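> Protein chains in written order, with numbering that gives the first Met the number 0: chain A, 0 to 328; chain B, 0 to 328.
Here a beta-carbon is modelled for each residue, glycine too, at the ideal position from N, C-alpha and C.
Source: prediction; values computed, not measured.
Just passing along the structure, written as structure tokens.
Number of protein chains: 2
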Amino acid sequence: MSYRIAIVGSGAVGCYYGAHLLRAGADVHFLMRSDLAHVRENGLTIESELHDDFVVPEIQCYAATEEIGPVDLVIIALKSTENAALEELIPPLLKKGTCLLTLQNGMGNGDFLAERFGEKRVMGGLCFVCLNRTAPGVIRHLGFGLIMMGELKGEATDRTRQVGDLFSGSGVGCEVVDDLMWASWRKLVWNIPFNGLAILGGGIDVAEILADEDLLVLTRQLMREVIRTAGVLGHELPEALVDEQVEKTLAMGPYRPSSMVDFVEGRAVEVEAIWGEAWRRGAEAGAEVGRLEMMYRLIREKMRGRIKPQESSPAAAGQDSRSILNEGN
Amino acid sequence: MSYRIAIVGSGAVGCYYGAHLLRAGADVHFLMRSDLAHVRENGLTIESELHDDFVVPEIQCYAATEEIGPVDLVIIALKSTENAALEELIPPLLKKGTCLLTLQNGMGNGDFLAERFGEKRVMGGLCFVCLNRTAPGVIRHLGFGLIMMGELKGEATDRTRQVGDLFSGSGVGCEVVDDLMWASWRKLVWNIPFNGLAILGGGIDVAEILADEDLLVLTRQLMREVIRTAGVLGHELPEALVDEQVEKTLAMGPYRPSSMVDFVEGRAVEVEAIWGEAWRRGAEAGAEVGRLEMMYRLIREKMRGRIKPQESSPAAAGQDSRSILNEGN
């Protein structure tokens, strides 16, 4: 089956995976904002530290989803803080059987789509990848790339496997899972401590977190809290994940978690999707989520008191911006 | 009985209570550093928003405890981060029966003295007072004043009551208690959340903490955690203390907790005495101290990364410095 695909949210994640699908022959249509004119003229460039660089010169890109019209698959890679916009962006793309695949960070995005467009349409994918948009139409791939993909509710079906094959066939790793929430919690085991401590530490990278004896202890405690919370909710994750994630993160060097980059650059931080939803779901299920709640609330307070980019120190502003959009681990 | 008294640590607390004792006719000897020459010439001035101002023109003050010699009562009001200095400062003041009364912040100071100079000598007092040293030899009293005083180990004795009467007779409130640790935990119910969140909030006052929905939730949660930890350790405190303390703190207005002032001005923060000891004692007793530990570790990390005063913004440095040394509540 040949899919007609729309990509909503053409940031680093949308462009990276979209360019792969397009290169493999899929019919991909990008909704773009700031980069629209540039990409129309110059196409998309993918630079990678892991695989060959490539350019896709001809990109079908649009300013409105009405121009795209109905598709078979909508890939949503918008920042979760902008989900409200989806209520108007999605309807022009729908027809009978249109699948909505959210590749967004954190938790709650699939439910958001299900409430508005019907649960059966919705699939989710967790991207374990390090990406950075370095210039208009240019995406830099720093590491990893795997997508763990599943149905929002229930086990994988033929549809899930077909969409999974689409990604695998385009050269990115894709693993179809029977429990999407399990994969979401697995990703949060990394995202919650590292994105959070990077922000609470005032804009530090993962190497600085791991080198600080107190933050290392907190990293491990938060990971254990997330693992146990997932367990209370029926998603069993091994405690061994703690050591494994710490080891893998040590190998990342001075990576700057995406939320921290958003924070120091004055952009919206996905506070609810990463910390808020995890805390609420855990608390409702009676899990012990004291550390997670404290982190969530301290970040919310910090967001309110955030120093705007123009007020930040020249040292901070001049730092090498090795932004990671979806941390691989 | 007429006491010969030495005050070790002549900051705001030492000078405020020492000046009261002296005015009431006690034989008080002050160990001083930076203010020594000024106080020798000009005496001590106590300005108060609650009681009459007064000046004590003649102050017996010294640069070394050897010049003071043996006394009946040593009042220790040194910052707990400087406790190591007590090993050399105390011995010249000792004779048979010399009492050591620590008025220091937090927990562990009495034990420090007991290990070095014998448990029987040691008493402790918790100062619920708001003070500020505004100039050399000038102490500004902003509110409260009560001391809760007891023996380090065991119930109050005749000695405790005699020392208590000395303070009461000098015009400051003094309540003798049979469980000093109970009083210490009671004070920490305030100090732990407000000093901690003021630091983690980047230098905010108690009104800003209470006005922030997330920090208000965390304040209450931390208070409950401290109350329950005290309970596990055998010191029963009522949960109603949470509402009571929040109400009293609302009435304080934009007070700046002492540790936050220390933090933003680049001075040592009493991290171990306020958070470290409470966490360790709670954890050893099996209490749930996750939030307390997280606060302790985040503050330690923040101390390491602290912006030095000369690097801080003019706005922060120019702020009205309403320093509170021992928060009353």
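Could you check what DSSP says for Ser169(B) in three-state terms: helix, strand or coil?
coil
> Compare the beta carbon distance of Ile67(A) and Pro91(A) with 8 Å and say whether it is the shorter of the two.
Taking 8 Å as the Cβ cut-off, Ile67(A) and Pro91(A) qualify as a contacting pair.
> From Ile6(B), Leu236(B), Ala25(B), Ile191(B), pick the residue whose C-alpha is nearest to that of Cys60(B); which is it?
Ile6(B)
> Following a CB-centred definition, is Ile198(A) positioned closer than 7 Å to any heavy atom of the ligand NAD?
The ligand NAD is absent from the structure shown, which contains no ligands of any kind.
> 8 Å is my cut-off, CB to CB: does Glu46(B) come that close to chain A?
Not a single CB atom of chain A sits nearer than 8 Å to the CB of Glu46(B).
> Give me the Cα-Cα distance between Leu214(A) and Ile208(A), rounded to the nearest whole angstrom.
The alpha-carbon atoms of Leu214(A) and Ile208(A) are separated by roughly 6 Å.
> Thinking His140(A) and Trp181(A) are a contact (beta carbons under 8 Å), I'd like their distance in whole angstroms, please.
His140(A) to Trp181(A), Cβ: 26 Å. No contact.
> Arg303(A): buried (16+ other C-beta within 10 angstroms of its C-beta) or exposed?
exposed
> Over what stretch of residues does the alpha helix (DSSP H) that includes Ile226(B) continue unbroken?
212-231
> Is it buried or exposed for Ala204(A), if we count other Cβ within 10 angstroms and need 16 for buried?
Looking at the sequence itself, residue 204(A) is Asp, so the reference to Ala does not match. It is buried - the Cβ of Asp204(A) has at least 16 other Cβ atoms within 10 Å.
> Just to make sure I have the definition right: I need the residues of chain B whose C-beta is within less than 7 Å of the C-beta of Met293(A). Which are they?
Leu217, Arg290, Met293
> Could you tell me which residues DSSP pairs with Val121(A) in its beta bridges?
Here Val121(A) is bridged, per DSSP, to Leu99(A).
> With H, G and I counted as helix, E and B as strand and the rest as coil, what does DSSP make of Ile323(B)?
Low confidence applies to Ile323(B): its pLDDT is 38, below 50, so where it sits in the model is not reliable enough to give any reading.
> In terms of residue numbering, what span does the alpha helix (DSSP H) encompassing Met251(A) cover?
First-last for Met251(A): undefined, no H or E at that position.
> Thinking C-alpha only, which one of Asp51(A), Leu151(A), Tyr295(A) is nearest Gln103(A)?
Of Asp51(A), Leu151(A), Tyr295(A), the residue nearest in Cα terms is Leu151(A).
> Among Met31(A), Glu224(A), Ala197(A), which has the Cα closest to the Cα of Asp211(A)?
Ala197(A)
> With a threshold of 8 Å between beta-carbons, can Arg296(A) be considered close to chain B, or not?
So yes, Arg296(A) belongs to the interface.
> Closer than 8 Å by beta-carbon distance: list the chain B residues that pair up with Asp211(A), in chain order.
Glu300, Arg303
> Tell me the DSSP secondary structure of Ala5(B) in three-state form.
strand
> Can you pull out the residues from the region 184-210 of chain A whose beta carbon lies closer than 8 Å to at least one beta carbon of chain B?
Leu199, Gly200, Gly201, Ile203
> What number of angstroms, rounded off, separates the C-alpha of Glu287(A) from the C-alpha of Gly281(A)?
7 Å
> Can you list, in chain order, the residues of its chain with a C-beta nearer than 8 Å to that of Arg253(B)? Leave out the 5 residues immediately preceding and following it.
Position check: residue 253(B) holds Pro in this sequence, whereas Arg was assumed. Taken in chain order, the residues that qualify are Asp204, Val205, Ala206, Glu207, Arg321.
> Within 10 angstroms of the Cβ of His50(A), are there 16 or more other Cβ atoms? Answer buried if so, exposed if not.
exposed
> Using beta-carbon positions only, say whether Leu221(A) and Pro256(A) come within less than 8 Å of one another.
No.
> Between which two residues does the beta strand (DSSP E) harbouring Ile191(B) extend?
No beta strand (DSSP E) holds Ile191(B); the alpha helix (DSSP H) holding it covers 179-199.
> Taking only beta-carbon atoms, is Leu49(B) less than 8 Å away from chain E?
Chain labels in this structure do not include chain E; the protein chains are A and B.
> Less than 8 Å separating the beta-carbons of Met106(A) and Ser1(A)?
no
> Output needed for Ser9(B): all residues of its chain with C-beta closer than 6 Å, excluding positions within five of it in sequence on either side, in chain order.
Phe29, Met31
> Note down, in chain order, each residue of its chain lying with its Cβ closer than 7 Å to the Cβ of Lys94(B), except the 5 sequence neighbours on either side.
Pro69
> Using alpha carbons as the reference points, say which of Thr80(A), Thr159(A), His37(A), Gly195(A) lies closest to Ala62(A).
Between Ala62(A) and the set Thr80(A), Thr159(A), His37(A), Gly195(A), the nearest pair of CA atoms involves His37(A).
> For chain B, is any of its Cβ atoms less than 8 Å away from the one on Leu165(A)?
no
> Would you identify the three-state DSSP class for Leu72(A), choosing helix, strand or coil?
strand
> What are the complete beta strand (DSSP E) segments, minimum 3 residues, inside the region 25-76 of chain A?
26-30, 43-47, 53-55, 59-61, 72-75
> By Cβ distance, which residues of its chain are closer than 7 Å to Arg330(A), with the 5 residues on each side in sequence left out?
Residue 330(A) lies beyond the stretch modelled for chain A, which goes from 0 to 328, so this question has no answer here.
> Counting along the chain, where does the beta strand (DSSP E) carrying Val137(A) start and finish?
137-150
> Using a C-beta cutoff of 8 Å, does Leu232(B) count as contacting chain A?
no
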